Structures are given as C-alpha cells and as structure tokens.
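S.K.: Position in the sequence shown (first residue = 1) + 27 = the working numbering. Beta carbons: idealized from backbone N, C-alpha and C, even for Gly. Nothing here was measured: the structure is a model prediction, and the numbers come from that model. Attaching a single structure in structure tokens format; questions to follow.
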Amino acid sequence: MFDDTIAAISTAVSASGIGIIRISGSQAMEIADKVYRSRRRDKKLADVPSHTIHYGHIYDGEEIVDEVLVMVMRAPRTFTGEDTIEIDCHGGIYAMKKVLDTVLEQGARIAEPGEFTKRAFFNGRLDLSQAEAVMDVIQSKNRFALKNSIQQLKGSVKDKIEKIRKALLGEMARIESALDDPEHMSLDGYKDHLREVVAEQRRQIRQLLSTVEGGKVIQEGVRTVILGKPNAGKSSLLNVLVGEDRAIVTEVAGTTRDVLEEYIHLGGAALKIVDTAGIRETSDLVESIGVEKAMEQAGQADLILYVVDASIPLDENDQRIIELIQDREAVVLLNKSDLPPVVEKERLEALTGKTVIPVSARERSGLESLGSYVESMFYKGKLDLPEDVYITSLRHKKMLEEAQEGLRQVEDSIAADMPEDFYTIDLMYAYESLGYILGESVDEDVINEVFANFCVGK
28 MFDDTIAAIS TAVSASGIGI IRISGSQAME IADKVYRSRR RDKKLADVPS HTIHYGHIYD
88 GEEIVDEVLV MVMRAPRTFT GEDTIEIDCH GGIYAMKKVL DTVLEQGARI AEPGEFTKRA
148 FFNGRLDLSQ AEAVMDVIQS KNRFALKNSI QQLKGSVKDK IEKIRKALLG EMARIESALD
208 DPEHMSLDGY KDHLREVVAE QRRQIRQLLS TVEGGKVIQE GVRTVILGKP NAGKSSLLNV
268 LVGEDRAIVT EVAGTTRDVL EEYIHLGGAA LKIVDTAGIR ETSDLVESIG VEKAMEQAGQ
328 ADLILYVVDA SIPLDENDQR IIELIQDREA VVLLNKSDLP PVVEKERLEA LTGKTVIPVS
388 ARERSGLESL GSYVESMFYK GKLDLPEDVY ITSLRHKKML EEAQEGLRQV EDSIAADMPE
448 DFYTIDLMYA YESLGYILGE SVDEDVINEV FANFCVGK
C-alpha cells in the first residue's frame with residue numbers, strides 16, 4: 028500500500044541513555060545496509076534472520092556516526108506490517124539527529140505524526156480503536172488509564188463492538204434472504220424475535236455508554252476545585268500538591284484573583300486540580316469576579332476540596348460554602364492542624380455531612396490520607412479495572428449514540444408494524460455507526476484527525 032520508506036526518532040529528543048531511530052517500509056533493509064557496518068564488513072542486514080539484533084556502527088560515508096545495536100524485523104510480523112529496522116544509538120540529542128539525518132540521506136523520508144501507527148492501521152495490524160489506544164498508552168496519566176488503554180490495545184473495545192455488529196449482521200442477512208426467497212424462508216413471527224435481539228444489543232450499547240463518565244475520570248483525572256475563604260491555605264495546599272510554587276502565597280487576603288489549573292498525582296489518584304479565589308463578600312470588583320469564577324468552577328467539578336482554617340472561627344462565608352457542597356462530591360480539609368484548633372473536626376463533620384481530613388500545608392501532613400480517600404471515592408468504588416471496558420473517546424461515544432438511535436428506529440418500525448425491508452435500513456445505520464469506531468468506511472479526514480494527535484516517532 029505504501030511505496031516509500033519512512034524514518035523518525037521514536038524516543039524523546041532529549042539527553043538520555045538510549046535513543047531509537049525507527050525505519051519502516053519496503054526499502055528499510057536496503058537503506059539500513061547503506062549506513063550500518065558490522066565488524067564483519069561483508070555482513071548485510073538484508074541477509075540476516077528476522078527479529079535479530081546486531082552490533083556495529085552507523086557510518087556517514089567513511090565517518091563513524093555512532094556505536095549502535097540494530098534490530099531487524101521483517102514483514103508482516105512487525106508493528107507496521109512492513110519491513111522494519113530499529114537503530115538503538117546513544118541518546119544524546121545531536122547523536123540521534125545525526126543518525127536520523129544519515130538514514131534520510133540514503134532515501135528514507137521523515138515520518139509524519141502518527142504515520143507508523145497509521146501504516147499499522149492500513150496494513151490491518153490494528154483497527155482504529157486500537158490505533159487510538161496506542162496514543163492513550165503514551166499519554167496515560169495514572170495506572171487506571173494505563174490499564175484501560177492496554178486493554179483497548181489488546182482489543183477490548185473491538186471485541187465488544189464486533190459482537191454487537193455480528194448480531195445485527197445476522198438479522199440483516201436473515202431479512203434479505205427471506206425477501207429474496209420467500210418460498211423457502213418465512214418471516215412469520217419474526218418481529219418478536221427481532222425485537223428481542225435489538226433490545227439486547229441496545230442494552231449492550233447502553234452498558235458501554237454508561238462507562239463514559241468513568242472513562243473521563245480515568246483519562247483526564249478527577250476535576251477537583253479547591254474552595255475556601257481567603258487565607259485558608261488553598262494556594263499553599265496547591266503548591267504542596269504540585270511540588271512547586273505555582274500560586275502566590277501572602278498574608279494579604281484575596282491574593283488569588285484568577286483560576287489556576289494543575290495536573291497532579293495524589294497516591295493512586297490523578298487530579299486535574301483548580302485553585303480559585305477565596306469565597307467572601309467583597310466590594311473589590313476584580314476580587315468579586317474571581318469569586319464568581321470560583322463558584323462557576325465548583326459547579327463543573329467532579330470533586331470539591333473545601334479548605335477550612337482550623338485556627339479561626341467559622342463565619343457566614345463558610346456557611347455559604349457549606350451550602351454549596353451539600354449535594355456535591357466533596358472532602359473537607361481542616362488546614363493548619365499544626366496550630367491550636369478553634370474549629371473541631373467533629374463539629375465540622377456534623378455541619379457539612381462530609382468526611383473531614385486534618386492537614387497541614389506547612390508541615391505537609393495529612394496528604395496521604397487525602398490521596399487514599401479520593402482514590403476510594405473515584406477509582407476503587409466506581410471503577411472495576413481491568414476486566415471492564417471503559418469508553419474514553421468522544422468519537423466512540425458519538426458513534427455509540429448514533430448506533431443506539433438506529434436501533435431505536437428499528438423498535439419504532441416494529442411497533443408501527445412496518446414491512447421488514449424497513450428494518451434493514453436502520454439496522455445497517457447502526458451497523459455502520461459501530462463500524463466507524465473500528466475504522467471501517469471512515470473518511471480520510473477522520474483518519475487524519477485521529478493520527479494528527481500522535482507524536483512523530485509513533
């Protein structure tokens with residue numbers, strides 16, 4: 028399918044121990060032989076067995092570029108389904124680029140973003156859902172995302188979709204056969220049978236769609252908003268969680284005017300964490316806008332961390348926040364627990380109805396308990412990996428919803444006692460919608476959009 032041969036650096040372009048230059052295509056062996064020499068000058072990579080590793084040097088003319096190990100892999104048992112060479116060289120930025128430039132000079136061209144995986148897709152090594160999982164593995168931000176991405180790469184989504192499509196295809200074939208040969212195939216009583224089949228496939232699709240929210244948590248982390256009065260220690264807490272001074276911390280109340288976002292790991296939980304302006308009544312126009320933004324962010328949050336200063340009494344501003352979190356997933360952090368307490372943990376639990384965890388941003392204490400609690404809320408309690416399939420792609424969600432609508436139309440046609448040939452139209456619509464998830468009949472723009480998000484070396 029592809030006539031040219033591509034090459035790219037497949038590891039991070041940074042100072043490191045090892046760098047990998049990947050070459051894929053019909054001329055991979057020939058190009059590699061032009062730049063590689065072993066101690067035995069007569070040894071050619073084109074002649075060696077597949078899936079073997081060879082020691083030698085990369086040459087640019089008569090100049091040694093680097094000492095390398097070369098892995099030889101012949102089609103079709105490769106990631107791309109094409110002849111593939113991987114050159115393991117030293118990981119210095121200049122060394123990797125020099126090896127790549129030498130390869131390009133011998134006839135390879137630089138790979139486009141995601142082109143290795145795109146070739147794997149077009150050569151039938153992966154379906155589109157598995158190809159997308161490759162990038163998800165690379166971008167995994169927590170162990171749950173990694174497990175789910177690996178399951179999808181192994182075919183978890185593909186298997187579920189193919190099972191539903193097989194059931195729909197069987198019914199379409201039965202209808203078409205009966206319509207073509209009514210003397211030998213009867214559709215008497217068939218509507219009741221089809222109604223049951225469609226209902227079951229809709230149930231399977233609903234089950235997949237029900238995982239979208241969990242999939243969002245897996246893929247993006249728990250969207251977490253820090254709320255509290257000014258000077259409760261919100262920004263100090265954010266800095267401790269992030270591990271650097273991202274938020275300005277002063278003794279002046281109302282310092283935080285805007286929204287700050289950071290992605291952090293806390294124990295086994297991944298949080299997309301947002302620091303906001305302190306909640307209080309204020310005549311300062313800029314600060315009041317910050318308070319409004321804080322309230323908006325709280326409305327969009329998966330989790331609210333309500334930070335309370337244990338050393339000062341609660342007031343009407345605290346009451347405002349307590350009312351806000353009543354019907355939300357929230358944890359109360361009793362901050363400055365290293366100071367003499369004015370607010371008691373038990374009283375705060377009674378007022379809020381939420382779990383209260385004593386912490387100290389100054390002494391960095393209590394954060395392990397917070398991490399364990401958040402993990403139990405959003406991961407252990409709600410997600411059951413790795414057995415379950417979680418939908419993390421908005422593209423997959425859209426196609427599932429379209430398939431669900433097609434099957435609903437079939438049910439409506441059955442209820443209206445429409446002729447059987449009407450059923451095949453909507454069954455085919457559902458069948459094709461599910462096929463788009465796997466990459467069947469997908470137009471070039473969709474494919475290009477999927478692979479445009481990949482890095483060059485993958």
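Have a look at Met123, Ala357, Arg355 and Val335 and flag the residue whose alpha-carbon is nearest the alpha-carbon of Val369.
M.R.: Val335
S.K.: Determine, using beta carbons only, whether Ala160 and Leu180 come nearer to each other than 8 Å.
M.R.: yes
S.K.: Give the DSSP bridge partners of Ala296, in chain order.
M.R.: Leu293
S.K.: If you draw a straight line from the C-alpha of Met455 to the C-alpha of Lys190, how long is it?
M.R.: Rounded to the nearest angstrom, the gap between the Cα atoms of Met455 and Lys190 is 15 Å.
S.K.: Can you tell me where the beta strand (DSSP E) with Thr251 in it begins and where it stops?
M.R.: Val249 to Gly255
S.K.: If you draw a straight line from the alpha carbon of Gln228 to that of Asp163, how long is it in whole angstroms?
M.R.: 27 Å
S.K.: In the DSSP output, what is Leu360 paired with across the bridge?
M.R.: Val334 and Ile384
S.K.: Hey, Met123 and Val40 are a contact pair by Cβ (cut 8 Å); roughly how many whole angstroms apart?
M.R.: 7 Å
S.K.: Report the three-state DSSP secondary structure of Val40 (helix, strand or coil).
M.R.: coil
S.K.: For Lys145, collect the residues of the same chain with a Cβ closer than 6 Å to its Cβ; drop the 5 residues on either side in sequence, then sort them by chain order.
M.R.: Phe478
S.K.: By the DSSP assignment, the beta strand (DSSP E) with Thr487 in it spans what residues?
M.R.: Look at the range of the chain in this structure, 28 to 485, and you will see that residue 487 is not part of it.
S.K.: Can you tell which of Glu94, Ser167, Ile291 and Val239 has the C-alpha that lies nearest to the C-alpha of Val252?
M.R.: The shortest C-alpha separation from Val252 is found at Ile291.
S.K.: Among the residues of its own chain, which have a CB less than 7 Å from the CB of Val130, if the five just before and after it don't count?
M.R.: Ala34, Ile48, Ile50, Ile58 and Val62
S.K.: Between the C-alpha atoms of Ala484 and Val249, what's the straight-line distance to the nearest angstrom?
M.R.: The sequence given here places Gly at residue 484; Ala does not occur at that position. Each residue's Cα considered, the two are about 30 Å apart.
S.K.: For Gly88, which of Lys261, Glu132, Asp69 and Val386 has the nearest alpha-carbon?
M.R.: Glu132
S.K.: Under the three-state reduction of DSSP, which class applies to Arg233: helix, strand or coil?
M.R.: helix
S.K.: Closest by CA to Pro385, which one among Leu221, Ala205, Lys372 and Ala377?
M.R.: Of Leu221, Ala205, Lys372 and Ala377, the residue nearest in Cα terms is Lys372.
S.K.: Which residue's Cα is closest to the Cα of His84: Arg67, Leu378 and Val359?
M.R.: Arg67
S.K.: Is DSSP giving Thr419 helix, strand or coil here?
M.R.: coil
S.K.: Does the separation of the CB atoms of Leu20 and Leu394 fall below 8 Å?
M.R.: Past the edges of the chain, shown from 28 to 485, lies residue 20, and the structure says nothing about it.
S.K.: I need the straight-line Cα distance from Val437 to Ser213, nearest angstrom please.
M.R.: 19 Å
S.K.: What separation, rounded to the nearest whole angstrom, lies between the Cα atoms of Leu366 and Ile245?
M.R.: 37 Å
S.K.: Let's see if you can read the secondary structure: which residues bound the alpha helix (DSSP H) around Glu476?
M.R.: Glu471 to Ala479
S.K.: Is the region 224 to 243 touching the region 334 to 348 in the sense that three or more CB pairs, one from each, lie closer than 8 Å?
M.R.: no
S.K.: Between Ile474 and His423, is the Cβ-Cβ spacing less than 8 Å?
M.R.: no
S.K.: Could you pull the DSSP bridge partners for Tyr82 from this structure?
M.R.: Leu96
S.K.: Is the Cβ-Cβ distance between Leu461 and Ala430 less than 8 Å?
M.R.: A Cβ-Cβ contact shorter than 8 Å links Leu461 with Ala430.
S.K.: Assuming the contact rule is C-beta atoms closer than 8 Å, Gly255 and Lys363 should be a hit. Round their C-beta distance to whole Å, please.
M.R.: Not confirmed; about 11 Å, so no contact.
S.K.: Quick one: does Ile85 have its CB under 8 Å from some CB of chain D?
M.R.: Of the protein chains in the structure, only one exists, and it is not chain D.
S.K.: Go ahead and label Asp411 buried or exposed: buried means 16 or more other beta carbons lie within 10 angstroms of its beta carbon, across all protein chains shown.
M.R.: Note that Asp411 has pLDDT 49, beneath the 50 cutoff, so the model's placement of it is unreliable and no number is given.
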